[in-house]
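Here's the structure we're looking at; comments come further down.
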Amino acid sequence: MKGKYILFDLDGTLTDPKVGITKSVQYALEHYGIHVEDLDSLCPFIGPPLTDSYMKFYGFSPEQAREGVQVYREYFSVKGWLENKEYPGIRRMLSGLKEAGFELFVATSKPELFAKKILEHFGMTEYFTMIGGADMEETRVRKGDVIRYVLDTCGIGQDEASRARILMVGDREHDVIGARECGLDCVGVLYGYGSREELEAAGAAKIVETVEELEQFLHNQDS
1 MKGKYILFDL DGTLTDPKVG ITKSVQYALE HYGIHVEDLD SLCPFIGPPL
51 TDSYMKFYGF SPEQAREGVQ VYREYFSVKG WLENKEYPGI RRMLSGLKEA
101 GFELFVATSK PELFAKKILE HFGMTEYFTM IGGADMEETR VRKGDVIRYV
151 LDTCGIGQDE ASRARILMVG DREHDVIGAR ECGLDCVGVL YGYGSREELE
201 AAGAAKIVET VEELEQFLHN QDS
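When the count follows the numbering used here, it moves up by one through the sequence shown with no breaks and lands on 223 for the last residue.
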């Protein structure tokens, strides 16, 4: 049986973090004298580790990128985490999966502290056995590391047979790549911030367009 355990990404999968993340990045870039008016242009920051995005999109050095994360948090820790929206249908899906006997987890590259605050704000913590995320020191931030942290902490997926019963769900290539590093299949969702081409190239086992399609697919994994 596949998919008895389901790991969910947070940003772009359970909630829409666009406003909070892009405004936090905008705030951080202003610190370096970089003025960005179009928040949509900062959407590529949603999903990957922040340090990677600073270096990739703005040519920051590793030291600048680490500092940029701290500046980003000056805004995000006060306002940004609240500028988040629950995707329609997510709560119903989580409730239905839980009632059907699935065990649910969160594996996010967002700091665990903020992930817990956001899910508490939306009243979703009750659905998850564990909400796992990055540490504040950025030593555990890549998706593969976060997934391993969740699996090890909860004592699941320790052998090939048990890993075959676990699915990852996410919207970016980092979710797919991280899952594959840990021997898991990943379902890619298109209602978030990744494209079909990105998810296919990364090797997603399945791609769905809507929350409703995701819900139907996950329930069918129990048959």
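We treat Cβ as the ideally placed atom computed from N, Cα and C, and that holds for glycine.
Residue i versus residue j - alpha carbon distance
i: residue 122; j: residue 111; result: 17 Å
i: residue 203; j: residue 185; result: 9 Å
i: residue 32; j: residue 212; result: 42 Å
i: residue 98; j: residue 104; result: 7 Å
i: residue 57; j: residue 217; result: 35 Å
i: residue 100; j: residue 197; result: 32 Å
i: residue 67; j: residue 163; result: 37 Å
i: residue 174; j: residue 143; result: 6 Å
i: residue 188; j: residue 221; result: 15 Å
i: residue 177; j: residue 83; result: 28 Å
i: residue 52; j: residue 120; result: 28 Å
Buried versus exposed call for residue i [16 or more other C-beta atoms within 10 Å across all chains shown]
i: residue 158; result: exposed
i: residue 78; result: exposed
i: residue 18; result: buried
DSSP state of residue i mapped onto helix, strand, coil
i: residue 211; result: helix
i: residue 109; result: strand
i: residue 134; result: strand
i: residue 86; result: strand
i: residue 79; result: coil
i: residue 71; result: helix
i: residue 52; result: helix
i: residue 186; result: strand
i: residue 139; result: coil
i: residue 122; result: coil
i: residue 1; result: Low confidence applies to residue 1: its pLDDT is 44, below 50, so where it sits in the model is not reliable enough to give any reading.
For residue i, the residue or residues it bridges with in DSSP
i: residue 60; result: According to DSSP, residue 60 bridges with nothing at all.
i: residue 7; result: 105 and 168
i: residue 217; result: Bridge partners of residue 217: none, in fact.
i: residue 206; result: 187
i: residue 15; result: 11 and 86
Expected contact under 8 Å - CB spacing of residue i and residue j to nearest Å
i: residue 150; j: residue 107; result: 5 Å
i: residue 193; j: residue 172; result: 6 Å
i: residue 80; j: residue 41; result: Residue 80 to residue 41, Cβ: 17 Å. No contact.
i: residue 6; j: residue 45; result: About 26 Å; that fails the 8 Å criterion.
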